[in-house]
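Asker: Residue numbers (the working numbering): 87 to 296.
Idealized CB from N, CA, C, for every residue including glycine.
Keep in mind it's a predicted model, so treat the numbers as computed, not measured.
Take a look at the following structure, please.
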Amino acid sequence: MGHVAQSMASGGHPEGAALVTRHDQLAGSLARLQRLAASRQAALMESVCRLEYLAESAELEEWVAEQQAAASSEDYGQDYEHLLILRYKFEELRHRVESGAERFNQCEELAKKLVASDSPYIADIEKRQEGLGESWERMVEQIQSRSQRLAAAGEIHRFHRDAGDLLARAGERRAHLAPPPTPRDLRAATALLRDHDAAENDMVSIDAQT
Numbered sequence: 087m088g089h090v091a092q093s094m095a096s097g098g099h100p101e102g103a104a105l106v107t108r109h110d111q112l113a114g115s116l117a118r119l120q121r122l123a124a125s126r127q128a129a130l131m132e133s134v135c136r137l138e139y140l141a142e143s144a145e146l147e148e149w150v151a152e153q154q155a156a157a158s159s160e161d162y163g164q165d166y167e168h169l170l171i172l173r174y175k176f177e178e179l180r181h182r183v184e185s186g187a188e189r190f191n192q193c194e195e196l197a198k199k200l201v202a203s204d205s206p207y208i209a210d211i212e213k214r215q216e217g218l219g220e221s222w223e224r225m226v227e228q229i230q231s232r233s234q235r236l237a238a239a240g241e242i243h244r245f246h247r248d249a250g251d252l253l254a255r256a257g258e259r260r261a262h263l264a265p266p267p268t269p270r271d272l273r274a275a276t277a278l279l280r281d282h283d284a285a286e287n288d289m290v291s292i293d294a295q296t
């Protein structure tokens, strides 16, 4: 269209100059419209990214709070067997958090993208992401603490279990060491002596484990 207007103006057409002016006006309007469209598209993309970030970060923050609450448990089991069940559940928790780290990284990248795009909400995004990062760190620290506490509880439960087993064995041996009946013959006396020796050997074994 611009070429036609220029040709008519160059050819001396009486409307040539007006056509060139009209074309320039049209070109200017089109350029402004294109800039407006580009600006609107950028604003819409920023809104989509920002709303996506807000939704994901809110969901992730809630998830982090749930995992931290689970890691804050003070339940160490009633006995060693119960503790083993708790440790299994804790390992499931730790695995979930390790898998969830990818979600946190994606949220972090989305926040960086928004900040780099000169979003009008940069301050809010940075503050929110900083808070989310702090929540994540507290959760990780709580998980580490829970791991240590469970390990210590395991030692205590195992000690009580082993001590109970040894006390039970000692009680059984004590019964065997009660004054025996007077043997009626050599065979009976020999059998009683064997039982006594076995009881003494077991007591030595129990003593070595204490």
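Would you kindly check if the distance between the Cβ of residue 154 and the Cβ of residue 228 is under 8 Å?
Answerer: yes
Asker: How big is the Cα-Cα spacing for residue 211 and residue 225?
Answerer: 21 Å
Asker: Since residue 185 is in the alpha helix (DSSP H), which residue starts that stretch and which ends it?
Answerer: 166–202
Asker: Check whether the segment 178–198 and the segment 135–143 touch, using three or more Cβ-Cβ pairs below 8 Å as the test.
Answerer: yes
Asker: Would you tell me roughly how many angstroms separate the C-alpha atoms of residue 207 and residue 223, rounded to the nearest one?
Answerer: 24 Å
Asker: Thinking C-alpha only, which one of 148, 255, 132 is nearest residue 218?
Answerer: 148
Asker: Tell me the rounded alpha-carbon separation between residue 246 and residue 232.
Answerer: Computed Cα separation, rounded: 21 Å.
Asker: Going along the chain, which residues of its own chain have a beta-carbon closer than 7 Å to the beta-carbon of residue 280, five neighbours each way excluded?
Answerer: none
Asker: Among the residues of its own chain, which have a CB less than 6 Å from the CB of residue 171, if the five just before and after it don't count?
Answerer: No residues qualify anywhere along the chain.
Asker: Would you call the CB atoms of residue 240 and residue 169 closer than 8 Å?
Answerer: yes
Asker: Can you grab the Cα-Cα spacing for the pair residue 150 / residue 185, in whole Å?
Answerer: 12 Å
Asker: Which of the three DSSP states is assigned to residue 231 in this structure?
Answerer: helix
Asker: I'd like to know whether the C-beta atoms of residue 236 and residue 176 end up nearer to each other than 8 Å.
Answerer: yes
Asker: Using only CA atoms, which one of 135, 161, 253 lies nearest to residue 238?
Answerer: If we check each option's Cα against that of residue 238, 161 comes out closest.
Asker: Where does residue 205 sit, in a helix, a strand or coil, going by DSSP?
Answerer: Under the three-state reduction of DSSP output, residue 205 falls in the coil class, being neither helix nor strand.
Asker: Is the beta carbon of residue 157 less than 8 Å from the beta carbon of residue 122?
Answerer: no
Asker: Run through DSSP, which three-state label would residue 163 get?
Answerer: coil
Asker: Looking at residue 221: is its Cβ nearer than 8 Å to the Cβ of residue 132?
Answerer: no
Asker: When burial is assigned at 16 or more other CB atoms within 10 Å of the CB, is residue 118 buried or exposed?
Answerer: exposed
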